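Worksheet for the structure shown next.
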Amino acid sequence: MKNMKTSDVLMQWSNVLEMVYESRIDSVGLNERVNSLATRSIKKDSKLEALKMIVTMCDLTTLEGEDTEGKVSQMVAKAIKPNPLDTSVPSVAAVCVYPSLVSVAKEKVQNSNVKVAAVSSYFPSGQVPMESKLLDTKYAIDSGADEIDIVINRKAFLEGDYRKVYDEIVALKEVCQDVHLKTILEVGDLKTYENIRKASLISLAAGSDFIKTSTGKLSIGSSRQACYVMLKSVLDFESMTGIKAGIKVAGGIRDAKDAIRYLVMINEEMGSDWLNPELFRFGASSLLDDVLKQIKKLQTGAYQAGYYFPRG
Amino acid sequence: MVDWQYSESIESSDIVSIKKKYSNYIGGKFVEPKSKKYINTISPSTEELLSKVPLSNEQDINSAVKSAKEGLEVWSKLTPNQRSRYLFKIARLIQERSREFAVLESLDGGKPIKESRDFDLPQVAANFFYFAGWADKLDLSWATKSLKPYGVVGQIIPWNFPLLMLAWKIAPALATGNTVVLKPAETTPLTALLFAEICEKAGLPSGVVNIVTGDGSTGSLIVNHKDINKIAFTGSTQVGKLIQKSLAGRDVGLTLELGGKAANIVYEDAAIDQAVEGVVNGIFFNQGHVCCAGSRLLLQESIHDQFVKKLEKRMQSLRVGNPLDKNTDIGAINSKEQLDKITSLVNEGVDDGGELFQTECELPGNGFWFRPTLFTNVQPSYSIAREEIFGPVLTTLTFRTPEEAVEIANNTEYGLSAGVWTEKGSKILWTADRLDAGVVWANTFNKFDPSSPFGGYKESGFGREGGRHGLLSYLKASS
Amino acid sequence: MIDIKKTYKNYVDGKYVRSESGKTYTKELKNEFYELPLTSRKDIRDTVTSSKSGFIKWNGLTPYTRMQILYRLSEMIEGNKESYIELLVSHGMSKQKASKDIALAIESIIWFAGLADKWEQLAGNLNPVSEEYFNISHQNPIGVVFSLSNSTVSLNNLLLSLLPPLTIGCSVISYSEESSVLALKFAEDINNSDFPPGSLNILTGKFENILDDVSKHVEINLVALHKEIENDGLKRIQENASSSVKRVVSLPSISGLSSILPYLETKTVWHPKGT
Numbered sequence: 011m012k013n014m015k016t017s018d019v020l021m022q023w024s025n026v027l028e029m030v031y032e033s034r035i036d037s038v039g040l041n042e043r044v045n046s047l048a049t050r051s052i053k054k055d056s057k058l059e060a061l062k063m064i065v066t067m068c069d070l071t072t073l074e075g076e077d078t079e080g081k082v083s084q085m086v087a088k089a090i091k092p093n094p095l096d097t098s099v100p101s102v103a104a105v106c107v108y109p110s111l112v113s114v115a116k117e118k119v120q121n122s123n124v125k126v127a128a129v130s131s132y133f134p135s136g137q138v139p140m141e142s143k144l145l146d147t148k149y150a151i152d153s154g155a156d157e158i159d160i161v162i163n164r165k166a167f168l169e170g171d172y173r174k175v176y177d178e179i180v181a182l183k184e185v186c187q188d189v190h191l192k193t194i195l196e197v198g199d200l201k202t203y204e205n206i207r208k209a210s211l212i213s214l215a216a217g218s219d220f221i222k223t224s225t226g227k228l229s230i231g232s233s234r235q236a237c238y239v240m241l242k243s244v245l246d247f248e249s250m251t252g253i254k255a256g257i258k259v260a261g262g263i264r265d266a267k268d269a270i271r272y273l274v275m276i277n278e279e280m281g282s283d284w285l286n287p288e289l290f291r292f293g294a295s296s297l298l299d300d301v302l303k304q305i306k307k308l309q310t311g312a313y314q315a316g317y318y319f320p321r322g
Numbered sequence: 008m009v010d011w012q013y014s015e016s017i018e019s020s021d022i023v024s025i026k027k028k029y030s031n032y033i034g035g036k037f038v039e040p041k042s043k044k045y046i047n048t049i050s051p052s053t054e055e056l057l058s059k060v061p062l063s064n065e066q067d068i069n070s071a072v073k074s075a076k077e078g079l080e081v082w083s084k085l086t087p088n089q090r091s092r093y094l095f096k097i098a099r100l101i102q103e104r105s106r107e108f109a110v111l112e113s114l115d116g117g118k119p120i121k122e123s124r125d126f127d128l129p130q131v132a133a134n135f136f137y138f139a140g141w142a143d144k145l146d147l148s149w150a151t152k153s154l155k156p157y158g159v160v161g162q163i164i165p166w167n168f169p170l171l172m173l174a175w176k177i178a179p180a181l182a183t184g185n186t187v188v189l190k191p192a193e194t195t196p197l198t199a200l201l202f203a204e205i206c207e208k209a210g211l212p213s214g215v216v217n218i219v220t221g222d223g224s225t226g227s228l229i230v231n232h233k234d235i236n237k238i239a240f241t242g243s244t245q246v247g248k249l250i251q252k253s254l255a256g257r258d259v260g261l262t263l264e265l266g267g268k269a270a271n272i273v274y275e276d277a278a279i280d281q282a283v284e285g286v287v288n289g290i291f292f293n294q295g296h297v298c299c300a301g302s303r304l305l306l307q308e309s310i311h312d313q314f315v316k317k318l319e320k321r322m323q324s325l326r327v328g329n330p331l332d333k334n335t336d337i338g339a340i341n342s343k344e345q346l347d348k349i350t351s352l353v354n355e356g357v358d359d360g361g362e363l364f365q366t367e368c369e370l371p372g373n374g375f376w377f378r379p380t381l382f383t384n385v386q387p388s389y390s391i392a393r394e395e396i397f398g399p400v401l402t403t404l405t406f407r408t409p410e411e412a413v414e415i416a417n418n419t420e421y422g423l424s425a426g427v428w429t430e431k432g433s434k435i436l437w438t439a440d441r442l443d444a445g446v447v448w449a450n451t452f453n454k455f456d457p458s459s460p461f462g463g464y465k466e467s468g469f470g471r472e473g474g475r476h477g478l479l480s481y482l483k484a485s486s
Numbered sequence: 003m004i005d006i007k008k009t010y011k012n013y014v015d016g017k018y019v020r021s022e023s024g025k026t027y028t029k030e031l032k033n034e035f036y037e038l039p040l041t042s043r044k045d046i047r048d049t050v051t052s053s054k055s056g057f058i059k060w061n062g063l064t065p066y067t068r069m070q071i072l073y074r075l076s077e078m079i080e081g082n083k084e085s086y087i088e089l090l091v092s093h094g095m096s097k098q099k100a101s102k103d104i105a106l107a108i109e110s111i112i113w114f115a116g117l118a119d120k121w122e123q124l125a126g127n128l129n130p131v132s133e134e135y136f137n138i139s140h141q142n143p144i145g146v147v148f149s150l151s152n153s154t155v156s157l158n159n160l161l162l163s164l165l166p167p168l169t170i171g172c173s174v175i176s177y178s179e180e181s182s183v184l185a186l187k188f189a190e191d192i193n194n195s196d197f198p199p200g201s202l203n204i205l206t207g208k209f210e211n212i213l214d215d216v217s218k219h220v221e222i223n224l225v226a227l228h229k230e231i232e233n234d235g236l237k238r239i240q241e242n243a244s245s246s247v248k249r250v251v252s253l254p255s256i257s258g259l260s261s262i263l264p265y266l267e268t269k270t271v272w273h274p275k276g277t
């Protein structure tokens with residue numbers, strides 16, 4: 011992981027602007043490429059490995075008003091041992107909760123390598139003054155969060171105030187320091203691929219360690235198309251700065267098959283460097299259960315029922 | 008961290024049963040060649056013998072043409088609606104057996120199953136469906152009743168899209184009321200012979216479609232037959248010229264779909280990532296065995312380095328190998344002869360001073376293979392920038408202004424296709440207007456549709472295939 | 003000594019020029035003698051150069067302008083009707099037939115003038131492709147057309163041999179043997195109209211002299227033969243043409259939409275429809 015001091019200026023604003031205004035994407039061509047990548051099939055041996063890798067890339071998430079300490083404890087237990095009957099199944103990458111529940115989660119993960127992530131900056135809308143966002147984030151970090159998931163200011167973005175979007179992320183990154191910052195673009199609000207690319211580049215230039223597709227609160231979550239736009243942005247950002255940023259896809263990743271398609275795309279387009287939880291994450295709770303089923307299916311040759319696996 | 012391996016996901020070839028020996032399809036029957044001679048057809052990916060097909064001689068062609076003449080008697084007396092229904096039926100039967108056709112196409116021709124399954128076969132069926140609907144609307148097509156069928160049409164097709172080229176030829180010919188004698192390419196005759204079974208199954212009147220196999224000499228017998236009313240040829244410009252010459256002074260219609268050396272122009276304001284994909288698809292689709300392949304990449308100087316870097320990276324992910332593997336992007340080169348030709352042109356390019364980049368993928372042991380290849384630092388005078396290579400070899404040239412791009416693009420005897428990449432609408436239209444090319448793909452490449460006319464300017468031939476314009480290739484104005 | 007009454011020159015690039023060979027031939031029409039240029043190989047070369055630039059100029063005009071230039075031509079002929087009739091009569095035509103011919107010729111020009119800004123709508127169309135693409139087939143004029151005019155002396159026939167390609171923006175080299183006097187008289191009306199130099203060049207002579215040069219010239223894009231060529235001649239033309247895949251049309255249709263089809267190249271443009 012890169013260690014970036016907040017005073018480091020990754021890119022001059024004028025360079026960011028230039029990149030943003032040169033965001034040109036042909037949606038039909040992009041869709042065709044993404045669809046063609048979906049036709050790849052992977053070897054059976056690689057498949058088991060891929061499924062376990064997906065587990066290590068999962069962020070188990072609960073972000074509801076009804077969340078309680080009990081609910082969070084249950085989820086953390088599952089995060090540490092997704093399948094208590096099979097020790098070959100690794101822990102997930104992180105659990106993701108609201109700031110008020112960070113301390114509970116942190117206490118439960120203990121010595122495991124499961125990280126605690128908090129959504130902050132008034133997730134999911136972000137429609138509050140900057141001071142509140144900073145406070146929210148600071149509170150989460152003070153409570154022990156290893157990772158912070160923030161949302162971009164879509165209001166500013168859609169109004170064309172890209173500078174404001176950028177400045178806010180820079181300010182939040184300053185609060186985060188070495189705490190891992192994931193910036194949610196909320197691609198379902200941005201709609202066009204060019205907007206997704208612009209938001210990706212702004213977020214990356216402002217110091218995000220990860221860019222993330224969605225809050226999971228909209229009906230339109232992640233898509234392989236959006237992920238493709240983001241990965242191309244990450245690659246272009248890398249070729250300009252040498253910094254490898256990560257991608258988190260969240261919302262709408264239905265099953266193991268779908269997740270594998272994401273990994274195939276990452277592998278083909280970015281290379282195997284990105285095939286690790288430091289640089290690629292899935293945020294999807296129902297995905298994990300399907301992956302666990304598929305692992306067991308590969309091991310036993312029989313299709314599985316959900317009740318074999320603990321609730322998260 | 009992970010060594011990611013794609014499975015060899017092999018499409019089963021059990022679905023196809025290849026006979027040891029095939030016959031010509033003449034007069035609605037499979038008949039052994041009077042020549043008593045056969046030629047071998049091998050699988051270019053393994054070099055294994057697949058089967059033997061007739062090497063048809065003059066007597067065979069005589070009986071095929073005679074049968075087509077007799078077929079014409081029946082075919083022309085049917086109502087347009089009846090002709091239409093036969094074509095619909097053929098389309099449906101092809102759909103039903105499309106997996107079988109796709110596997111056979113990949114075995115015999117070497118193209119990846121991904122393409123034969125997802126491109127060739129759906130397009131074949133679509134062509135029959137499309138022209139089926141024209142058969143009873145010919146008077147509406149060009150608002151005249153004065154267009155009449157030629158009669159007996161001789162059709163000679165190439166090996167790059169064996170069944171699709173058959174569909175491009177037979178569907179419009181039958182829809183317009185002609186009957187045909189078709190000769191598939193020497194190296195890829197099997198799907199055409201399987202198509203004969205479809206004609207049989209559809210109950211097509213005997214003699215309407217006749218399929219004879221053979222080599223160049225067989226083709227020449229068709230061209231020179233006195234009872235042929237029209238020749239439709241797809242193949243090299245060199246052979247096309249010979250055919251045009253052979254027909255001189257005779258009242259025989261002719262359409263030619265010949266070679267190309269298409270420019271794929273990428274302006275600096277293109278959507279670069281999609282342009283890279285389009286360039287890859289433009290030249291590596293079907294091993295580059297595509298007459299309209301975007302074989303000359305014209306890059307605006309300002310983006311040359313960035314673009315080439317992305318392109319090389321993307322090329323590395325191309326998988327060359329077993330055509331029946333669903334993960335294969337690039338299959339086998341169609342024949343030893345073609346492989347030798349590609350190799351020699353590439354060597355010439357290196358000798359001329361072109362900078363060669365080839366991907367690092369592993370190649371299978373047997374069979375005919377060629378690595379995806381990119382030339383940079385090429386001058387327009389090099390043979391790799393002028394001659395049709397017909398393989399997975401891309402040549403890069405640079406330009407500074409739109410005027411210069413158009414000038415370089417048109418600086419060739421060919422005029423089949425061209426590509427333009429820019430996000431600026433007016434520049435697309437400006438460029439497209441100035442390109443001497445029958446098909447211009449703007450912000451895309453190698454797209455085909457039965458409703459979209461295809462065919463060349465200049466020495467890439469004359470006549471169009473597909474669309475309303477494609478009907479004119481099989482109809483002549485009569486008073 | 004023959005008393006030469008009238009000397010005609012070829013009409014090339016908007017100017018009257020002698021054959022560079024200096025050769026002429028004489029035609030006698032009802033006691034009047036016409037001296038006409040015997041076009042040479044070099045004349046063909048020069049004419050093609052002019053026609054190439056004429057094509058760019060003529061095709062560069064808007065269809066609306068081409069329409070008006072063609073219509074203006076009909077007015078010119080209308081104004082010179084009597085002299086055309088007189089000339090046709092001197093070719094042995096009855097006065098009545100000659101008047102009819104001129105009337106038909108004017109009708110033909112008006113028909114084609116009105117087509118100049120419509121043919122693209124009739125010959126091109128959108129294609130309903132199955133994917134998310136805008137796909138349109140439209141037409142380009144093929145370029146430089148060499149047109150050998152009909153052996154029957156008739157202004158209408160002469161016009162019908164050059165109007166179809168001219169209307170759609172091709173430049174035309176009109177070549178006459180039998181109708182040479184008529185063709186060069188017609189050149190005067192062309193000269194007085196607004197045709198850009200080189201858009202229509204008018205030559206006369208013996209076709210046999212230049213048959214090979216015309217059919218071999220790579221920059222002539224199409225050869226249209228409006229009269230029967232004895233079989234060996236046609237064979238030679240088509241054989242020569244094959245070396246550059248040149249289009250040769252023998253006795254093309256001269257009426258309706260099908261009259262222009264041989265002179266068109268269909269260009270199909272694809273573009274994705276996306277956001």
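Line by line, the protein sequences are chains X, F and E.
For the first sequence, this note's numbering assigns the number 11 to the initial residue and increments by one for each residue that follows.
For the second sequence, this note's numbering assigns the number 8 to the initial residue and increments by one for each residue that follows.
For the third sequence, this note's numbering assigns the number 3 to the initial residue and increments by one for each residue that follows.
Ideal Cβ positions, reconstructed from N, Cα and C, are used throughout, including at glycine.
Note that the structure is a prediction, hence the values are computed from the model and not measured.
Under the three-state reduction of DSSP output, Lys192 of chain X falls in the strand class. When the Cα atoms are used, Thr26 of chain E and Ser257 of chain E turn out to be separated by approximately 34 Å.
For Gly262 of chain X, no CB of chain E lies under 8 Å from its own CB, so it is not counted at the interface with that chain. Under the Cβ criterion of 8 Å, Thr277 of chain E is counted among the residues facing chain X. Of E:Thr268, E:Ile231 and E:Ser55, the smallest CA-CA separation from Asn152 of chain E is found for E:Ile231. The contact set of Asp36 of chain X on chain E, defined by CB atoms closer than 8 Å, consists of Pro274 and Gly276 in chain order. The beta carbon of Ala60 of chain X lies closer than 8 Å to those of Ile52, Ile270 and Leu273 in the same chain, with the five residues before and after it left out. Going by beta carbons, Ala150 of chain X and Ile158 of chain X fall inside the 8 Å limit. In this chain, the beta strand (DSSP E) harbouring Pro61 of chain F covers Leu56 to Pro61.
Closer than 9 Å at the C-beta level to chain E, one finds these residues of the region 246-276 of chain F: Gly247, Lys248, Leu249, Ile250, Gln251, Lys252, Ser253, Leu254, Ala255, Gly256, Arg257, Asp258, Leu263 and Leu265.
Among the residues of chain X, none has a CB under 9 Å from the CB of Ala109 of chain F; the nearest is roughly 14 Å distant. One alpha carbon belongs to Glu207 of chain F, the other to Gly35 of chain F, and they sit about 7 Å apart. Within the model, the alpha-carbon separation for Pro129 of chain F versus Glu42 of chain X is close to 17 Å. Burial check for Asn373 of chain F: the Cβ neighbour count within 10 Å stays below 16, so the residue is exposed. Taken in chain order, the members of the region 421-443 of chain F whose beta-carbon sits within less than 7 Å of a beta-carbon on chain X are Glu430.
Distance check between Leu128 of chain E and each of E:Glu134, E:Ile138, E:Leu31 and E:Glu122 places E:Ile138 closest, using alpha-carbon atoms only.
Judged by DSSP secondary structure, Val219 of chain F falls outside any alpha helix (DSSP H); it is assigned neither H nor E. For Arg291 of chain X, the uninterrupted beta strand (DSSP E) segment begins and ends at Phe290 to Gly293. Following the DSSP letters along the chain, one finds Phe167 of chain X inside the alpha helix (DSSP H) bounded by residues Arg164 to Leu168. Leaving aside the five residues that flank Leu259 of chain E on each side, the residues in its chain whose CB is nearer than 8 Å to its CB run, in chain order, Trp121, Leu124 and Ala125. Using a Cβ-Cβ cut-off of 8 Å, Lys269 of chain E counts as an interface residue toward chain F, since at least one Cβ of chain F sits closer than that to its own.
By a beta-carbon distance limit of 8 Å, Leu202 of chain E does not contact Tyr177 of chain E. Their separation comes to about 12 Å. A residue is called buried once 16 or more other Cβ atoms fall within 10 Å of its Cβ, and Ile290 of chain F is buried on that count. For the 8 Å CB-CB criterion, Thr405 of chain F and Glu308 of chain F form a contact.
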